[in-house]
Amino acid sequence: MKTFIPIRFFASVLFLFITTVLFSQRTFVHPGLSHKQSDLERMRVMVAAKINPWYNSFLSLSKESGAKYTYTVRGNSSITKVVQGGENYSAMTSDVRASYLNALMWAVTGDERHAQKAVEIFNAWQNLSHFETIATKSLDSGRLGWILIEAAEIIAHTYDGWQPADIQKFKNMLVHPGYSNTTVPDGTYTFYWNAYMGDSGRHGNQDLFGWRLVMAIGVFTDNEIMYDRAFRYITNQKSRNDDLNYEPGPPITSPDCINTNDYYDEYRRLGQNNHTPDYGYNGVVNHYIWENGQGQESSRDQDHAVLGVGMIASIAEIAWNQGDDIYGMFDNRILKGYEWALRYNISFKYSFPDQSEPWEPSGYTEVADEATFENGLFIKRFDRSGRWFSKKPNPHYEKNFTDVSRGNFKGAKRPIYELAYAHYKIRLGLDDEAVKWTKRAMDITNNESGNEKSGWSLDHLGWGGLTCHRTEWMAGDPVSFKNGVKSFTLPKTPCLIDAVDYDFFTGDGKNRTYFDTTTGNSGNIYRKDDVDIIIQGDDGYVISDMANGEWLSYTVEIAAQGDYYVVIRHNTSDTGAKLKIVFENGVEIEKELNVTTGFEDTVLGIANLPKGVSVFRVYTTGESGLTMLKNIKISDNYTSSVPTFLNDLYTVDFIVRDNTVFFKDLPEDMVLSVHTTSGQLILIKKNGKSSITLPEKGIYLFTAESKTGINSFKIII
7 MKTFIPIRFF ASVLFLFITT VLFSQRTFVH PGLSHKQSDL ERMRVMVAAK
57 INPWYNSFLS LSKESGAKYT YTVRGNSSIT KVVQGGENYS AMTSDVRASY
107 LNALMWAVTG DERHAQKAVE IFNAWQNLSH FETIATKSLD SGRLGWILIE
157 AAEIIAHTYD GWQPADIQKF KNMLVHPGYS NTTVPDGTYT FYWNAYMGDS
207 GRHGNQDLFG WRLVMAIGVF TDNEIMYDRA FRYITNQKSR NDDLNYEPGP
257 PITSPDCINT NDYYDEYRRL GQNNHTPDYG YNGVVNHYIW ENGQGQESSR
307 DQDHAVLGVG MIASIAEIAW NQGDDIYGMF DNRILKGYEW ALRYNISFKY
357 SFPDQSEPWE PSGYTEVADE ATFENGLFIK RFDRSGRWFS KKPNPHYEKN
407 FTDVSRGNFK GAKRPIYELA YAHYKIRLGL DDEAVKWTKR AMDITNNESG
457 NEKSGWSLDH LGWGGLTCHR TEWMAGDPVS FKNGVKSFTL PKTPCLIDAV
507 DYDFFTGDGK NRTYFDTTTG NSGNIYRKDD VDIIIQGDDG YVISDMANGE
557 WLSYTVEIAA QGDYYVVIRH NTSDTGAKLK IVFENGVEIE KELNVTTGFE
607 DTVLGIANLP KGVSVFRVYT TGESGLTMLK NIKISDNYTS SVPTFLNDLY
657 TVDFIVRDNT VFFKDLPEDM VLSVHTTSGQ LILIKKNGKS SITLPEKGIY
707 LFTAESKTGI NSFKIII
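Each residue of the sequence shown is one higher than the one before, starting from 7 at the first, in our numbering.
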């Protein structure tokens, strides 16, 4: 008997095979769009600890109707078509936002009902086969699809209740009628095929909406070609040889302008030449934000000018989480874009000692190299579409010269400042002057409107006080490696952290997550930074060649407020070695290390730590080249087995909890005496009793005596 496979099922299986085998060589980080696993865990921990702004932002989020697991899903699995601004559009936009808000609520609270609600939304739209746009395909599909995929990325990789078959249907829906890197398919399109070319004929934000969507689909479907398609376009590179080309150029426009005003001249787009393949239009980073930081849309209106820089930052965040640095390209061009747009807009409504009047350009030039952010010259030039020639910043709304857009920057509509500040100030550690206007925008938003919320329509994720905020030392992210694959998970006390798993930083983490005095990894293994790593026999990967002044950074969850033992496992070859650990709250522990025979544990001391996420640094403060470091243990109790008698025929096992030492299987004739380090006798305990409670925390000298021998040892409480 013949077996027939339904075409739809076969296509689904084929698509799964193609995307996972042919189009994915790199290993993507999951979850890995705007939020990695460690980011989600940071949110959860800081909210549980009631630390602001995470906690207050969460409280605001939890009050949103779309964030509740009781939200009524407006879509259903019978829907196959959505029309921009029409049929089923309102229902889908509502569901898209609710899916993301419920995904965040699931990540923070662990309440499965939120995850179930998000899955209900995904499944309601998984049979969509046609998203009909009016003219702006890239903008319309990008606005609707991106946040839905952000939510799906969280749920797919943190919740096991979304069935694999439904996940695959959802993936197939995103690229309907099917993905190809060689041919554009016939039929109706949903998201990918409406966005895969961006928008070469319009302003940059409309180009960017599509490319952000393409990058998100690439990550979610593990499609390297698709991810690279977006990444390479945005960063002004040529398309891959194994992918469809981008739009060629340059554009062809009318010889005479069709509209002129004080701010820009407008020309009619007639077509494009094919002289330059992969020409690159307004959505390319350095075509959207010009050399001096001026935005391509600054002569259009200020609402779109601010929108655009926030969009590029959101794309850069996805790339950063996948190990690619768009933020730093073209001399931190994204930050320049923020600072230029915000200086012009904030100074219109607010006065500062260094800017008492609304800022205006100091002059105008058609030579781009003459203009810098500092000298204030405005660049007069054509955009890449050829349709607009910028002449001066427009304080109005395009051709509407009655209403004023200048000063319309606040996070209530454009919640984009926590993200940029977290990257450039916290991750990169740039000085206050470099992020001055971005910081002012963030502070004004938080002081006047409260923490960032969802913002306008589906333009931004929002909620940066919860999702993006970082403390001063949170430059990197907690990481571990297995077979070369990164895993971003947050260690929770009590925990043991391998020393080689210091915080990860995309790009050069020197002075951000580590400092090393020499260039290169002397062992040339495990990681690509300048930190020296070798394999030391059965002990595996260890930090080696530790020199005075070097340091490493680690991020950890402190489960509860309290005192914690800090224990290191090290191999120290000579006297003079010393390590210091400094926690972000200012607690310091420093100790000279004993010479060891192989790797041994040493208690550096006790640290009083607050509940929440904390960063600590391990500094080499003694002589160089004497110590190898295997791991760091942080625990509220310390377990050890020590040789008690001179003949080493017997060991004493004990566990410390709070101020009490619990002993196991002591001989009946044993006498324990306890002294302080100054020699004061605390107590004498006889008859092999199993516990001793001491008056306070500190270091105590124990002497154990029985008929078989006598010995002394230290216990840290």
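For glycine and all other residues, C-beta sits at the position ideal for the given N, C-alpha and C.
Would residue i be called buried (16 or more neighbouring beta carbons within 10 Å of its own) or exposed?
i: residue 278; result: buried
i: residue 192; result: exposed
i: residue 491; result: exposed
i: residue 600; result: exposed
i: residue 214; result: buried
i: residue 462; result: exposed
i: residue 280; result: exposed
i: residue 259; result: buried
i: residue 356; result: exposed
i: residue 701; result: exposed
i: residue 170; result: exposed
i: residue 307; result: buried
i: residue 91; result: exposed
i: residue 407; result: exposed
Going by the CB atoms, is the gap between residue j and residue i shorter than 8 Å?
i: residue 508; j: residue 444; result: no
i: residue 422; j: residue 40; result: no
i: residue 546; j: residue 539; result: no
i: residue 66; j: residue 111; result: no
i: residue 196; j: residue 180; result: yes
i: residue 289; j: residue 217; result: yes
i: residue 296; j: residue 347; result: no
i: residue 3; j: residue 61; result: What the structure shows of the chain is the stretch from 7 to 723, and residue 3 is not part of that stretch, so it cannot be assessed.
i: residue 167; j: residue 122; result: yes
i: residue 142; j: residue 205; result: yes
i: residue 559; j: residue 589; result: no
i: residue 136; j: residue 99; result: no
Please tell me whether residue i has its Cβ less than 8 Å away from any Cβ of chain C.
i: residue 113; result: Annotation note: the requested chain C is absent from the structure, which comprises a single protein chain.
Determine the extent of the alpha helix (DSSP H) in which residue i is found, giving its start and end residues.
i: residue 637; result: Looking at the DSSP string, residue 637 is not in any alpha helix (DSSP H); the run it does join, the beta strand (DSSP E), is 633-641.
i: residue 713; result: Unbroken run through residue 713: none, as it is neither H nor E.
i: residue 436; result: Premise fails: residue 436 is in no alpha helix (DSSP H) and is neither H nor E.
i: residue 308; result: 308-327
i: residue 337; result: 335-355
i: residue 87; result: Segment 87-89 is the beta strand (DSSP E) holding residue 87; no alpha helix (DSSP H) there.
i: residue 473; result: 470-473
i: residue 143; result: 143-162
So what does residue i bridge to, in DSSP terms?
i: residue 38; result: 42
i: residue 172; result: Partner(s): none; residue 172 has no beta bridge.
i: residue 743; result: The structure shown does not extend to residue 743, since the chain is modelled only from 7 to 723, so the question has no answer here.
i: residue 613; result: 570
i: residue 361; result: 358
Does DSSP put residue i in a helix, a strand or coil?
i: residue 66; result: helix
i: residue 293; result: helix
i: residue 516; result: strand
i: residue 607; result: strand
i: residue 600; result: coil
i: residue 494; result: coil
i: residue 394; result: strand
i: residue 103; result: helix
i: residue 648; result: The predicted model places residue 648 with a pLDDT of 42, which falls under 50 and marks its position as unreliable; any figure quoted below should be read in that light. DSSP places residue 648 in strand when its eight states are reduced to three.
i: residue 120; result: helix
i: residue 557; result: strand
i: residue 240; result: helix
i: residue 218; result: helix
i: residue 410; result: coil
i: residue 181; result: coil
i: residue 251; result: coil
i: residue 678; result: strand
i: residue 697; result: strand
Can you give me the start and stop residues for the beta strand (DSSP E) that residue i sits inside?
i: residue 547; result: 547-549
i: residue 588; result: 584-589
i: residue 577; result: 568-578
i: residue 691; result: 687-691
i: residue 502; result: 501-504
i: residue 625; result: 618-626
i: residue 423; result: Segment 423-427 is the alpha helix (DSSP H) holding residue 423; no beta strand (DSSP E) there.
i: residue 370; result: 369-371
i: residue 271; result: 270-272
i: residue 467; result: Neither: residue 467 is in no beta strand (DSSP E) and is coded neither H nor E.
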